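One structure below.
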Amino acid sequence: MTVSPRPAPDRTVTEKDLDTLSRQLGRPVRDVVEIGARCVCGNPLVATTAPRLSNGIPFPTTFYLTHPVLTAAVSRVEADGEMARMNDRLAQDPALAAAHRAAHEAYIAERDRVGAEAGTGPVPEIAGVSAGGMPERVKCLHALVGHALAAGPGVNPLGDEAIALVAPWWTPEVCACEGAWDEAAAVPTKDLSRHVKHLERVAALKEVTVAGVDCGTNSIRLLISRPAGTDETTGAGADPAAPLADVVREMRVVRLGEGVDATGAFSDAALERTFAAVDEYARLVQRHHAGRVRFVATSASRDVSNRAAFVDGVRERLGVEPEVVSGAEEAGLSFAGAVSAVETADLGPEDLVLVVDLGGGSTELVVGTPAGEVVGAVSLDMGCVRFTERHLRSDPPTSDEVTAARADALRLLDDAAARLPLERVARVVGVAGSVTTVTAEALGLSTYEPEAIHGARLPIAEFRAAAEGLVAATRAERAERGFMHPGRVDVIGAGALLWSTVLERVAEVAGVTEAWASEHDILDGIVLSLRS
520 MTVSPRPAPD
530 RTVTEKDLDT
540 LSRQLGRPVR
550 DVVEIGARCV
560 CGNPLVATTA
570 PRLSNGIPFP
580 TTFYLTHPVL
590 TAAVSRVEAD
600 GEMARMNDRL
610 AQDPALAAAH
620 RAAHEAYIAE
630 RDRVGAEAGT
640 GPVPEIAGVS
650 AGGMPERVKC
660 LHALVGHALA
670 AGPGVNPLGD
680 EAIALVAPWW
690 TPEVCACEGA
700 WDEAAAVPTK
710 DLSRHVKHLE
720 RVAALKEVTV
730 AGVDCGTNSI
740 RLLISRPAGT
750 DETTGAGADP
760 AAPLADVVRE
770 MRVVRLGEGV
780 DATGAFSDAA
790 LERTFAAVDE
800 YARLVQRHHA
810 GRVRFVATSA
820 SRDVSNRAAF
830 VDGVRERLGV
840 EPEVVSGAEE
850 AGLSFAGAVS
860 AVETADLGPE
870 DLVLVVDLGG
880 GSTELVVGTP
890 AGEVVGAVSL
900 DMGCVRFTER
910 HLRSDPPTSD
920 EVTAARADAL
930 RLLDDAAARL
940 PLERVARVVG
950 VAGSVTTVTA
960 EALGLSTYEP
970 EAIHGARLPI
980 AEFRAAAEGL
990 VAATRAERAE
1000 RGFMHPGRVD
1010 VIGAGALLWS
1020 TVLERVAEVA
1030 GVTEAWASEH
1040 DILDGIVLSL
1050 RS
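Per the numbering used here, the very first residue in the sequence shown carries number 520; after that it's consecutive.
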């Protein structure tokens, strides 16, 4: 195993952090919004500061280096003349100069974000001004190192170089806190007015903000939500009964289940892709102050031989235990998320809704009442990645491949029909990327438009025609469609075939003639399950 978990540090500032920062600096700390970087032990290394201080003074140095050992080490490098050498190189190396300017632009973008987080708004007095001499020269290595630590490797190249140069005295992998400041000393007197206001806002947002992660065979998705009407500047005004509103909705195609059918294990490359997405999501969860987080893993995560590596990697990055849910649990969450897209007011007491969650490795069929009570659920071992690898290997698929895939799907659906009351189904709603992509094709969209897709109600014949077109297309032809996500190009043929086959079978059993598409699915169900 070559994957080495790197937990994402929590940037949320606490009262303890404020006391530590004040002791580190030997003076009252000012207007800290986040902890830009932490020691491996958790103590602050970098204070992320509001661009306008509470006394009204503009403050351009967003990332302020605070750790005494590190600041002393950077001072040694400065005293050795490194800034002059860097300035000479900037004048002679156009590529380095361009990277230095890009770091300047990244710094300003982050300061704008921090200003919005702090509630200071624009600070025109320092517009276009970053820190450390950027973009033309180097005049403060401490500012460059602070930015490099907060942003991560590759953003501020000269800051990265300076971190390497201080290795004789300090490295990111080793704690250097012992004896670096007096833990027993009284905390320097500080004005907590803005700190308290910010901490109260963060605490209020954490009470009402929830985050869900759905990790499937093909993609990993994040949804952060809080009640509609919440005042994001104060965290106040949240009505617990209000509908949840999206704060962040993200999706990354990571192919976690790639090759699992053949090997029975997640590949190192698939884990690396997945963990990179989890790192990104961890930062968003922290940035938007989600107080409750749930990570649900499906299908391929159930039986792989290296499941522990996956579970440990997620836990270390996101701070929560991933739940590898059963097919029945997955179906129930999908149903809860999907039913909001379906009109049910005209249904009778015996009528049921069928939700079809078509994933990468499995398809969940869940039948329930319009009120949300699940009557029955089945998880089938058919999904867009699994059927692409098992059946549709050619580009485009051959007629024999399509026939074999359809026969395999019908065999599985016959089993489902024997276990579910499909004859009582009056509404069918499909969720997940395969269904929404087929819907975009059926609607003739030139780009992916979630607002048009969510709640789209179409005759089954139109869904089938769109699916047949995607199955027959080459991968190059699929990629030309403006609504097509690049990660679905090679698997959408199988996904479209499965959606069409499910609709064909349900129409035969229940007599339904139309179906709905929903952008709300298991991810929304996960978030709804976190409401207090």
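The beta-carbon is built from N, C-alpha and C at its ideal position, and this holds for glycine as well.
Note that the structure is predicted; figures quoted are calculated from it, not measured.
Where the alpha helix (DSSP H) through residue i begins and ends
i: P587; result: P587 to A598
i: F785; result: Unbroken run through F785: none, as it is neither H nor E.
i: D667; result: Per the sequence presented here, residue 667 reads as Ala, with Asp not at that position. From DSSP, the alpha helix (DSSP H) with A667 extends over L660 to A670.
i: M605; result: E601 to Q611
i: T1018; result: Per the sequence presented here, residue 1018 reads as Trp, with Thr not at that position. First-last of the alpha helix (DSSP H) with W1018: I1011 to A1029.
i: L989; result: I979 to A991
i: S541; result: E534 to L544
i: I682; result: P676 to L684
i: A755; result: Looking at the DSSP string, A755 is not in any alpha helix (DSSP H), and its letter there is neither H nor E.
i: R994; result: R994 to A998
Best match in the options for proximity to residue i [C-alpha to C-alpha]
i: D1009; options: R912, A951 and A945; result: R912
i: R774; options: R925, A723 and G735; result: G735
i: V844; options: D822, V904 and G838; result: D822
i: N825; options: S853, G838, L837 and L790; result: L790
i: P654; options: L668, A617 and H666; result: A617
i: F854; options: G867, S898, A747 and A995; result: S898
i: G880; options: A998, G647 and S820; result: S820
i: A755; options: P940, S738 and R720; result: R720
i: R896; options: T863, A699, A936 and C659; result: Checking the sequence, you will find Ala at residue 896 rather than Arg. Nearest option by C-alpha distance: A936.
i: V815; options: P547, I1041 and V886; result: I1041
i: V633; options: S953, G671 and D550; result: D550
i: L537; options: P707, C696, V893 and I576; result: P707
i: A864; options: A890, V886 and P841; result: A890
i: E624; options: H807, A591, V565 and A650; result: A650
i: E636; options: V565, A569 and L684; result: A569
i: R771; options: D798, E726, D780 and I576; result: D798
i: D701; options: L540, P691, A961 and S965; result: L540
i: G778; options: I682, E644, N737 and D831; result: N737
i: R997; options: S965, E726 and W689; result: S965
i: T888; options: P1005, V861, E835 and T882; result: V861
i: A703; options: T531, V532, G1030 and Q543; result: Q543
i: E892; options: V858, H910 and A646; result: V858
i: G561; options: L572, D529 and G575; result: D529
i: W688; options: R813, G902, R806 and S594; result: S594
i: E1023; options: L989, R983 and F829; result: R983
i: V812; options: T917, E968, A926 and L742; result: L742
i: L837; options: V727, V1031 and G731; result: G731
i: A705; options: R546, D900, L884 and A992; result: R546
i: D750; options: K658, L724, A986 and I739; result: L724
i: G832; options: A850, G867, D787 and H808; result: D787
i: F794; options: F829, G963, D780 and P916; result: F829
i: R943; options: T567, H661 and A1029; result: A1029
i: V1046; options: R925, D733 and A592; result: D733
Residue(s) in a DSSP beta bridge with residue i
i: T567; result: E553 and F582
i: C734; result: I739 and A816
i: V872; result: G887 and R946
i: W1035; result: V948 and R976
i: L460; result: Beyond the ends of the chain as shown, which are 520 and 1051, falls residue 460; an answer cannot be given.
i: S744; result: V729 and D765
i: P547; result: P547 pairs with nothing; no bridge assigned.
i: T531; result: E553
i: P577; result: R571
Cβ-heavy atom distance, residue i to the ligand GTP, below 7 Å
i: S881; result: Only the bare structure without any ligand can be found here, which leaves the ligand GTP out of the picture.
Where the beta strand (DSSP E) through residue i begins and ends
i: D765; result: L763 to V772
i: L1049; result: Neither: L1049 is in no beta strand (DSSP E) and is coded neither H nor E.
i: L899; result: V893 to L899
Inset, instruction - Indicate whether the contact test is met: 3 or more Cβ pairs, each with one atom in the stretch 1010-1021 and one in the stretch 944-957, closer than 8 Å. - result: As far as the Cβ criterion goes, the stretch 1010-1021 touches the stretch 944-957, which means the pair count is three or higher.
Inset, instruction - Say whether the stretch 598-607 touches the stretch 629-637, bearing in mind that this needs 3 or more beta-carbon pairs closer than 8 Å, one atom from each stretch. - result: no
Inset, instruction - Please specify which runs of the beta strand (DSSP E), each continuous and at least 3 residues long, are wholly inside the stretch 904-975, giving them in chain order. - result: 944-950
Legend entry - Touching by the beta-carbon criterion (3+ pairs, under 8 Å), the stretch 969-986 and the stretch 925-935: Under the three-pair Cβ rule at 8 Å, the stretch 969-986 does not count as touching the stretch 925-935.
Legend entry - Entirely enclosed alpha helix (DSSP H) segments - the stretch 787-866, minimum 4 residues: Restricting attention to alpha helix (DSSP H) runs no shorter than 4 residues, the stretch 787-866 encloses them at 787-806, 826-837 and 846-857, ordered along the chain.
Inset, instruction - Give a yes or no on contact between the stretch 658-669 and the stretch 541-556, applying the rule of three or more CB pairs nearer than 8 Å. - result: yes
Inset, instruction - Indicate whether the contact test is met: 3 or more Cβ pairs, each with one atom in the stretch 870-877 and one in the stretch 920-927, closer than 8 Å. - result: By the Cβ test, the stretch 870-877 is not in contact with the stretch 920-927, since fewer than three Cβ pairs between them sit closer than 8 Å.
Inset, instruction - Pair every Cβ in the stretch 995-1007 with every Cβ in the stretch 1033-1049, then say whether three or more of these pairs are closer than 8 Å. - result: no
Inset, instruction - Evaluate the contact criterion for the stretch 689-702 versus the stretch 578-588: three or more CB pairs, one atom per stretch, below 8 Å. - result: The stretch 689-702 is in contact with the stretch 578-588.
Inset, instruction - Tell me, please, whether the stretch 606-622 touches the stretch 667-678 by the rule of three or more beta-carbon pairs shorter than 8 Å. - result: yes
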